[in-house]
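To keep things clear, I will list the structure first and then write my remarks on it.
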Amino acid sequence: MVQFLIKRFIGLLFVVIGVTFITFVMGLNAPGDPIRTLLGQHFDPRLYAQLKHAYGLDLPWYQQYYNYIVNLLHFNFGYSFKQQGQSVWSILSSGVPISTELGFWALILEILVGVPLGVVSALKANTWVDTTNMGIMLVLFAIPVFVLSVFAQVIIVWIDQHTGGSWPVSGWGNPWQYTFSDLQFKIVPILVYAFTGMAYIARLSRTSMLEVLRQDYVRTARAKGLSERVVIYRHGLRNALIPLVTVLGFSIGLLVTGAFFIEQIFNIPGIAQITITSINSRDYPVIQATTVLLAVAVVIGNLISDILYTVVDPRIKVA
Amino acid sequence: MDTRDRNTDPAAQGAMIPDGAILPTDPILTDVRETIPGGPPAPGETTAAKGTEKIRTPFQESLLRLWRDKRAMVCAGIILFFVLLAVLGPLIYQHVGGTFQSSINGATPSSVYHNPFHQELDHQDEFASGMYWLGTDSVGRDLLARLMQGLLISISVAVLVEIVDIVLGITIGVLAGYFGGWIDQFLARFTDIMFAFPGLLFVILLTGIFGTWADTTLGNIPIIGPNGNARLILVSLALAFTAWPLMARYVRGQTLQLKEQQFVEAARTSGASSAQIILRHIIPNLLSIVIIASTLNIANTIVGEAGISLLGLGVQSPGSSLGLMISDGISLIDSHPWEVLLPSIVLAIIVLCFSFLGDGLRDAFDPRSKD
Amino acid sequence: MNLLEVNNLQTYFFTRGGVVKAVDNVSFVMNAGETLGVVGESGCGKSVTALSVMRLIANPPGKIVGGEINFNGENILEKNQHELTEMRGSKISMIFQDPMTSLNPVFTVGYQIAETVKRHRKDVSNDQAWKRAIEMLDLVRISDPKRRAKNYPHEFSGGMRQRVMIAIALSCNPQLLIADEPTTALDVTIQAQVLELMKGLSREFNTAVMLITHDLGVVAGTCQQVNVMYAGHIIESAPVKQIFETPAHPYTVGLLQSIPRLHESRGSRLTPIAGQPPDLSNPPVGCPYAPRCPKVQNRCRQERPELMPVGRGEQVAACFYPN
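Protein chains in written order, with the numbering used here: chain U, 1 to 319; chain A, 320 to 690; chain V, 691 to 1013.
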């Protein structure tokens, strides 16, 4: 188990290193000269050289990369090119709690709804309950999150227009606070955000549960005289959940990608929206920082699911 | 226990029936015939005894199963409709509707006002009419024309990505499966990393970072370049880059199975070289799995391109893309919802059709993967 | 009163390819403490018979369509779900063929034994149940049972896992243990150990054992009575000695003849039984063995023989022209 984890960790470490290197190279080769842009009208060769030195941009590339990594490890993301004097972190810090809140609730919803839906479908396999359920899940999974968002917004607008209500379609309210007005902002985006992952988890739960119910040890449990409920939930579900744990990493990946669309369409000021803005304004330090952050989020998600897997399956426990 | 595949991995679920169309029929492999609906022949009973059954190759069997799958056929039909719409539609639409007197541009023939780039500023945000069959957007562009153009973009990107995906996927997949060794190791590591990192995120970051460079450098390529389409090459390459590992894995799995089959061993003992075996026996039998994987990937590609354009990182104005149409229309959701609903619904339909078609293909070619 | 009395049991499977008559009119009895061997080739209905007794037939597609199964005078086929779960594991237990997959991988073996105990003896505490689990492990000769009770199934070998299964099955002192090919998946040497264990425990606790197997060698060493099954019917039933020394039904004769013998010369051929078992969704009229029987007569093809005495004590065979 420990070996397995170490191998995975190293692999994922490579991903992070690779990502930092790519973003670093991208920053180096970015078209346009940031110092020159910064100086704008007040270009002066001496000032230019000074600024370049201050930003550490006159060092050879491998040293710049080294500095970059060291800074990263200290959570120092440097300074924005566009918003003068502002550190990248201060720009990002407003978005982090929002995006994590969005992602956190979506994940909880995905699991709490997706797993039971899948299990119920498996228990009633091939009945109308199962077919309708899986049909809906297929549709929710296939239709991209931004289309679902559009549909949700259209529905809200239509309801608003016909009932004279004012349910908002954009904005976020206060991070991690839940007054009624906050909830009005948050419920719909979180719901729509969760649909894709929920559908995926539901389908997977169903497959996993069906697979488990066919196993010999389920037959043994019945032969022991255990009640059907105990057989299904204690013996069956417990095993069916094992492969689901490995899906956590993938779900977080889905969430990170989906964030871009949800935040864009619902106008939520999270990290993804900040990334897009900085891409459009070519604020490279911010782009670098968000890239690294997002990559690390995905990597951590994968690592957590790997660790959980070793915890949950006793067959892996032995070192 | 690999649950990372977004679609249940067809190569991992039981043996696929190879298309035995190349060699003289191997009695073991071609014994699967469709006689009893849904049931295999009972032991001891030969299918010849059943009477006048036509003898078909497994590939033809699969095509027949597909033909009988109404849902898949309807979806294929819808997809075909959209393809024709995108390719032939503009040619027809350009000539429909007469010349009209524009207060700004004077006499304007249909070939102009039905052009997706033409802005008729007197007719902004109009609902569907005789002149503009699906209405106009906020700068007076014909929505139907833009839709067709967007579909054309989606199709082009999908085709381009699929070509690269198939070529790379088959090459590396077959080499990894047949020879193993370092190629296999590399593929395994690479796919592990690619699975850990979501593809669309990678594409977003790549197009975000290199987008402007693509605009300036690639914008000069004729046909593709102008009209805001320069980034499409970048987007296509990025999408292909994230797609091929999955294809390679399917191909690798299928190659591993095929490698162990008797007809390959027969070829080897009769002196065929590895290259000959690969080209003549392995690759043709990959057909079904490549078709299935491609169909499913096309859905991803179309969504990917739309998503990238929606974020403003793909097709730029004045170009048109389903994603761009959506992002343009979002701000008008309370006043002119059809502007955003039109591309959304079309996109949803297309993606659903590809998904159902992919499912149908999978059921047709590997019926045992059904629960 | 017989411990188990099966009368005219019929278990059919309703599939898309037709109705498969897996068990067609099977009747037999078992007495307390007796070991009955049920022999036959794959598909003859022996497992389905056992699963029918436990009412573990998967429905759909299977269904017990006729007959009665009387256990201690009560008809199992009339019991409701609650009564069945009371019965299983405590009055009648069953162990299965593949020990590698029959145990739940996420629970310790101690837990899986204790779980049975707790389910059937409501007044027993967790500690007592655990103690009983360790006792059972010791009984089935698993060394260091106190420590091993906390191990998971994957930490045991195949033979040991089967012993754990036996421990689970016997933990509540059942009157009948059904063992469905318990040693088929094990090495020959381990086979012998497990069979010895079962024999000893059966004697010690006076547990009746229904031993299902396709291996006549297993039967010879352990059973007192033998039922030979073919195509969903019992075609011969006799005390073990008579089965081996004076087999009556041509099928039994064929089975015995097909066993390779050590003392035969190297070049001699094996004598298999020619042909295939019949299609159970379309069984032939008359004796099911007729198509393959070397002694077949016209009457065999038209009339189906019932089990009848062959003139040697209790031995019965379903044949018009037995040995």
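Glycine included, C-beta positions come from ideal geometry on N, C-alpha and C.
Every value quoted in this text rests on a predicted model; they were computed, and no experiment measured them.
Cβ neighbour criterion (16 or more within 10 Å) applied to residue i
i       : result
V/G1001 : exposed
V/Y979  : buried
A/R681  : buried
U/L47   : exposed
A/Q635  : buried
A/F514  : buried
U/D44   : exposed
U/A221  : buried
A/S592  : exposed
U/H42   : exposed
A/V415  : exposed
Nearest to residue i (by Cα), restricted to the options the options
i      : options                        : result
A/F436 : A/S640, A/L680, A/I652         : A/S640
V/T879 : V/R959, V/G957, V/G849         : V/G849
V/E695 : V/P984, V/L767, V/Q992         : V/L767
A/T418 : A/G449, A/Q504, A/F516, A/Q443 : A/G449
A/V522 : A/G496, A/F509, A/F560, A/H433 : A/F560
A/T620 : A/S607, A/L629, A/A562, A/D388 : A/A562
V/K836 : V/L866, V/I803, V/D813         : V/I803
V/V916 : V/H923, V/G922, V/L901         : V/L901
U/T196 : U/L213, U/T257, U/I274         : U/T257
U/L204 : U/F250, U/S170, U/T220, U/R219 : U/F250
U/K124 : U/A194, U/T207, U/K224, U/V299 : U/T207
U/A297 : U/K7, U/I10, U/L5, U/V15       : U/V15
V/F786 : V/M919, V/N765, V/R853, V/K769 : V/R853
A/V706 : U/V147, U/I155, U/A289         : This structure cannot speak to residue 706 of chain A, because chain A is shown only from 320 to 690.
Within 8 Å, strictly: CB atoms of residue i and residue j
i      : j      : result
V/R851 : V/M790 : yes
U/I98  : U/W172 : yes
A/V622 : A/V554 : no
A/I597 : A/Y497 : yes
A/R465 : A/Q438 : no
U/G253 : A/P517 : yes
V/V938 : V/A869 : Correcting the residue type first, residue 938 of chain V is Ala in the shown sequence and not Val. Not in contact: V/A938 and V/A869 (Cβ atoms no closer than 8 Å).
A/F675 : A/R390 : yes
V/I924 : V/Y941 : no
V/A712 : V/T725 : no
V/V943 : V/N988 : no
V/T903 : V/L867 : no
Residue i versus residue j - alpha carbon distance
i      : j      : result
A/D653 : A/G454 : 16 Å
U/W61  : A/M644 : 42 Å
U/W105 : V/G752 : 45 Å
U/Q215 : A/L575 : 27 Å
A/F509 : A/P564 : 8 Å
A/I699 : A/E481 : Any answer about residue 699 of chain A is impossible in this case: the structure gives chain A only from 320 up to 690.
U/Y193 : A/G530 : 27 Å
V/G965 : V/G733 : 15 Å
V/D877 : V/M855 : 17 Å
A/G638 : U/V150 : 21 Å
U/Q86  : U/S80  : 6 Å
A/I485 : A/L471 : 21 Å
A/A361 : A/I668 : With a pLDDT of only 37 at A/A361, under the threshold of 50, the placement of this residue in the model should not be trusted; the figure read from the coordinates follows. Cα to Cα, the separation comes out at about 42 Å.
V/G976 : V/V755 : 21 Å
A/A507 : A/V406 : 39 Å
Same chain only: Cβ atoms within 6 Å of residue i, ignoring 5 sequence neighbours per side
i      : result
A/G492 : A567, V570, R571
U/M209 : V119, A122, A240
A/M392 : none
U/V113 : M198
A/H655 : D444
U/D130 : S121, K124
V/A819 : A804, V807, K808
Other residues of its chain near residue i: CB distance less than 8 Å, five sequence neighbours each side excluded
i      : result
V/L829 : A857, L860, L891
Close-in-space but distant-in-sequence residues of the same chain around residue i (CB under 7 Å, 5 per side omitted)
i      : result
U/V19  : T291, V292, A295
A/P346 : Since pLDDT at A/P346 reaches only 28, below the 50 mark, its modelled position is unreliable, and no value is offered.
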